[in-house]
Amino acid sequence: MRLSKFPLHTAKETPADAEVVSHQLMLRAGYIRKLGAGLYSWMPLGLRTLSKISQIVREEMNAAGALELLMPAVQPAELWQESGRWDVMGAEMLRFKDRHKNDFCYGPTHEEVICHHVKQDFRSYKQLPINFYQIQTKFRDERRPRFGVMRAREFLMKDAYSFHLDAADLGREYYNMREAYTRIFTRVGADFRVVKADSGNIGGALSEEFHILAGSGEDLLAVAEGGTYAANVEAAETRPSGQPRAAASAALEKVSTPGQKTCEQVSKFMNVPLTGKVKLLVVKAADGGLIGIALRGDHELNEIKAAKHPKIASPFEMAKPEDVQKAFGCEVGYLGPVGCPIPVIADHAAVEFADFVCGANDNDHHYKGANWGRDCAEPETADLRQVCEGDPSPDGKGTIKFYRGIEGGHIFQLGQKYTKAMSLSVLDAQGQAVTPEMGCYGIGVSRMAAAVIEQSHDANGIIWPDAIAPFRVLICPIGMDKSAAVKDAAESLYTALTQAGIEVALDDRGQRPGAMFADADLIGIPHRVVIGDKGLANAQFEYKQRRAASAEMIPATAEAVLEKLR
RNA sequence: CGGGGCGUAGCUCAGUUUGGUAGAGCGCUUGCUUCGGGAGCAAGAGGUCGCAGGUUCGAAUCCUGUCGCCCCGACCA
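Counting from 1 along the first sequence, just add 1 to a position and that's the residue number in the working numbering.
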């Protein structure tokens, strides 16, 4: 590609509304342009990278035995009513009517549609297993789109759906996809981790996320140092310590603690560590009433775990302060398990110590020397808290450390949730109707481009891995319009590399060197060849890898350049 | 959804408090000089000041409405 014929709209100044580095650089380098909130056009330069990621995904999905198809982005409401998600999805799903006043949505995902098609054409166990995928534009009306294409409303996604006769075969395909994803993320050049995940409102049993590690990531990951455990903190388990609780040694004593409402305040006021306090949260119970959740003073509730507890309402909802006042006769801030008027579930860690401090269920008062079993009932326990950095890994191997990550892929074993809802069945070898097991596997293709930039950039701009760079090599001729030697050398190198199948760009815009170098660094082309009279006098090109600190001189031949690309 | 902020040239922003002929830098066009890390000089082009209504002799500026965009929050015992 000759840059004189290619729209390279780079900017020196950082756009005002871009917060994260990838968004800033993609705008400055002209990869994307914004159309509206969470809506971006991919300009020719950006589309080259986006297409490369798509192609890697496509190649690995094909190699893994999945079959590409393409479904409509617009979907009729009936399918969603059938699965029961028309009412569940909420405002995130963009809905509209056609001219006949029929309801439609712009597909946020395609479980319903693929189930519909499998139902149309699949009758026999002999036709299973099958894995369909597509690379397609999705729309999710995010409550708050941000970070450019990283959390856009419209985005490019690879979504795959597999169908199986039994759970064992689903498990096999799940690991097949896990392997394919690992190859995809590796080829794209990302530093990533596979972590256990919460399956969210998609449902299903087992699920894992592929996270691209970056400090700006929206997700917090709990990874075991010195072990293999890794999970999104949303899903990271905690385990009882296994240490027996010390015997009660102090008498229960009510203490005046005027105005001390938070754990931190009480801890400081009474001079006890946060780890010696039990806090009580009041939430909506599954039966419509209220239920207390006891946590150690320094721990935080994991709402996702709470919502999964059979006695706690799902979706999770904190009790209103008025309702707490009515039930306890005191303000939120003085609640505790001793003399608690509602049932209590405790996190494991909240029952592992004796002589604790807690709210007295009386304004401006706390208890000290409180003990489970003596001053209040031994509560039911469960894993309800957020994992902490430094916790032992739940599998016993290693210690938890936190990382930030950008979710680039997510794989699920859905089981029969959708196949059942959509009344899908095939006949097995015995002629019996069987509901297939289903898996689904997504990759945020457009997000991945931004995530790689978050991970790979410097003060001058993007640093693309070779595999997804819009061009692998950029030729910068110095004084091309003045020097016939430079022009000839640049043209013949350009031709030779093109013929060798290398994606090469020739900066024939007639820019000054500084401007060419600044653009080269900003758009992040991994290999740069500078051709000038000085070098040619010694039969040399200057070669520089984008990531390298300095350039080197190489023989002025296409072979020498190709050698550098190997 | 709640809170805060911003809409003025392609981009980044002044100007609004205190109403009086629309500004700068970058970018763009032309010419000359320059030419190894975003050149210099000169001459230009480019804005119904988000939109609608109102107040006023006069509105980018004041008032009302509206649309768009951005940020923060949605863990509290």
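Think of the CB as a built atom: it goes at the ideal place given N, C-alpha and C, for glycine as much as any other residue.
- Of the residues assessed, valine 75 falls on the exposed side of the cut-off, its CB having fewer than 16 other CB atoms within 10 angstroms.
- For alanine 206, the closest alpha carbon among the candidates Ala486, Pro395, Leu415 is that of Leu415.
- For the segment 193-263, the continuous beta strand (DSSP E) assignments of 3+ residues that do not extend past its boundaries occur at 193-197, 208-214, 220-226, 231-233, 254-257, in sequence order.
- Valine 453 and isoleucine 469 do touch by the CB rule: their CB atoms are close to 7 Å apart, below 8 Å.
- By the Cβ criterion, the segment 371-382 is not in contact with the segment 418-436, since fewer than three pairs of Cβ atoms, one from each stretch, lie closer than 8 Å.
- Per DSSP, the continuous beta strand (DSSP E) segment holding aspartate 104 begins and ends at 104-107.
- Contact between aspartate 192 and glutamine 546 fails: their C-beta atoms lie close to 18 Å from each other, not under 8 Å.
- In the three-state DSSP reduction, glutamine 135 falls in the strand class (E or B).
- Just measuring C-alpha positions, the residue of Leu48, Gly515, Ala486, Val273 sitting nearest isoleucine 532 is Ala486.
- Contact between the segment 362-369 and the segment 334-348 is present: 3 or more CB-CB pairs across the two stretches fall below 8 Å.
- Counting only residues of its own chain and dropping the five nearest sequence neighbours on each side, histidine 10 has a CB closer than 8 Å to the CB of Gly31, Met44.
- DSSP, read as helix, strand or coil, puts valine 487 in helix.
- Inter-residue distance for alanine 231 and lysine 398 is about 11 Å (C-alpha atoms, whole angstroms).
- Annotation: the continuous alpha helix (DSSP H) that includes glycine 515 extends over 514-524.
- The alpha-carbon of glycine 47 is positioned some 28 Å away from that of tyrosine 162.
- Counting only the Cα atoms, glutamine 135 lies some 17 Å from asparagine 177.
- Judged by DSSP in its simplified three-state form, threonine 496 adopts helix.
- Residues Ala355, Asn372, Arg375 of the same chain have their beta carbon placed closer than 6 Å to that of alanine 249, with the five preceding and five following residues left out of the count.
- Alanine 557 is positioned such that its CB atom lies no closer than 7 Å to that of alanine 538.
- Where valine 505 is concerned, there is no enclosing alpha helix (DSSP H), although the beta strand (DSSP E) around it starts and stops at 505-507.
- In this chain, arginine 188 is not harboured by any beta strand (DSSP E); it is covered by the alpha helix (DSSP H) spanning 168-189.
- Cβ neighbours of glycine 410 within its own chain (closer than 6 Å, five residues either side excluded): Tyr182, Phe211, Ile444.
- Cβ neighbours of cysteine 264 within its own chain (closer than 7 Å, five residues either side excluded): Leu275, Lys278, Lys280, Gly298.
- For the pair phenylalanine 140 and leucine 71, the CB atoms are not nearer than the 7 Å cut-off.
- Shown here, lysine 280 sits in a strand according to DSSP, grouped into three states.
- At a Cβ-Cβ threshold of 7 Å, glutamine 387 and glutamate 301 count as neighbours.
- Rounded to whole angstroms, phenylalanine 133 and alanine 506 show a C-alpha spacing of 36 Å.
- The closest CA to that of histidine 366, considering only Glu332, Glu353, Gly391, is found on Glu332.
- In this structure, arginine 513 sits away from alanine 521, with a CB-CB distance that is not shorter than 7 Å.
- Going by DSSP, alanine 78 is part of the alpha helix (DSSP H) stretching over 78-84.
- Separation of alanine 92 and aspartate 142 (C-alpha to C-alpha, rounded to the nearest whole angstrom) is 7 Å.
- Remark: C-beta atoms of valine 150 and serine 447 approach each other more closely than 7 Å.
- Glu180 is the residue among Asp489, Glu180, Glu353, Ala308 whose C-alpha sits nearest the C-alpha of isoleucine 412.
- Residue Gly216 holds the alpha-carbon nearest to the alpha-carbon of glycine 406 among Thr258, Gly216, Trp87, Lys35.
- Bridge pairing for valine 435: Val427 [DSSP].
- Contact check for isoleucine 213 against glutamate 61 fails: the beta carbons are separated by 7 Å or more.
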